[in-house]
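Protein chains in written order, with the working numbering: chain A, 89 to 201; chain B, 217 to 326.
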């Protein structure tokens, strides 16, 4: 158990809908990262937040947005969902930045029908 | 687009064999290289964070070396055990963004 929690574990929804994935980092960690793993692609970095501020942005679609709240939990919002958004979404946390180990949560499996 | 390559794609060894795999990355604008171990149906687990040229890290039977000038890192497993069977991923970190390789899948036969 990494200490990072993600909810929900599974999510099934329809095209065009909007969903919110939630992540609680390890106690004391200030950075949160979001990753996507699709069937036909490897692990893709989406976005990083540090202490409430966006720090780095990867291949995140405009339909997706994220935020980190004052209590350091983070949410990833996915809207106008398409079939291709079906994937495993991981959240990870680290004490600060890129020189720290990242601890991954169990992931949220999103299925868009 | 950054290119991070791992080789080989897969590896089958016998219990007790020592093995190594490679992660190649751009040699410019290096910040850090992360190694992860990823077992089926689980989440990636951090092994090492490599930050300096010539850096060598060790954790039990697993070690890693780094050459930032030529853009590669090696991961070594000494005396492989069946429980080492997993996919080993590297991630090149640059300007805060992580770019992952496709991984090397290791299968250790008893």
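Note that the Cβ used here is the ideal one computed from N, Cα and C, for glycine as well.
- The DSSP assignment places 131-138 and 141-145 as complete runs of the beta strand (DSSP E) inside the stretch 129-155 of chain A, in order along the chain (cut-off: 3 residues).
- Contacts with chain B at 7 Å (Cβ-Cβ) do not include residue 177 of chain A.
- Taking 3 residues as the shortest admissible run, the stretch 229-274 of chain B contains the following complete beta strand (DSSP E) segments, listed from N- to C-terminal end: 235-240, 248-254 and 261-266.
- Among the residues facing chain A, residue 265 of chain B is included, as its CB has a counterpart in that chain under 7 Å away.
- Flagged as an interface residue toward chain B: residue 189 of chain A, by a C-beta distance shorter than 7 Å.
- In this chain, the beta strand (DSSP E) harbouring residue 313 of chain B covers 313-316.
- For residue 181 of chain A, DSSP records a beta bridge to A/120 and A/191.
- Here residue 250 of chain B is buried: its Cβ has 16 or more other Cβ atoms, across all protein chains shown, within 10 Å.
- Taking the C-beta atoms as reference points, residue 103 of chain A is found nearer than 7 Å to residue 169 of chain A.
- Taking C-beta separations shorter than 8 Å and ignoring five residues to either side along the sequence, the partners of residue 254 of chain B in its chain run 260, 261, 302, 303, 304, 305 and 319, following chain order.
- By the neighbour-count definition (other C-beta atoms within 10 Å, threshold 16), residue 314 of chain B is a buried residue.
- Distance from the CA of residue 107 of chain A to the CA of residue 118 of chain A, rounded to the nearest whole angstrom, comes to 24 Å.
- Residue 283 of chain B and residue 89 of chain A have their C-alpha atoms roughly 32 Å apart.
- Excluding sequence positions up to five before and after residue 98 of chain A, its CB lies within less than 6 Å of the CB of 197, all in the same chain and listed in chain order.
- The beta carbon of residue 273 of chain B sits closer than 6 Å to the beta carbons of 264 and 280 from its chain, once the five residues preceding and following it are set aside; these are given in chain order.
- In the structure shown, the three-state DSSP call for residue 221 of chain B is strand.
- Taking residue 231 of chain B as the centre and dropping the five residues before and after it, the same chain places the C-beta of 296, 297, 298, 324, 325 and 326 closer than 8 Å to its C-beta, in chain order.
- Listed along the chain, the chain A residues whose CB falls inside 9 Å of the CB of residue 260 of chain B are 123, 131, 178, 180, 190 and 192.
- One alpha carbon belongs to residue 245 of chain B, the other to residue 220 of chain B, and they sit about 14 Å apart.
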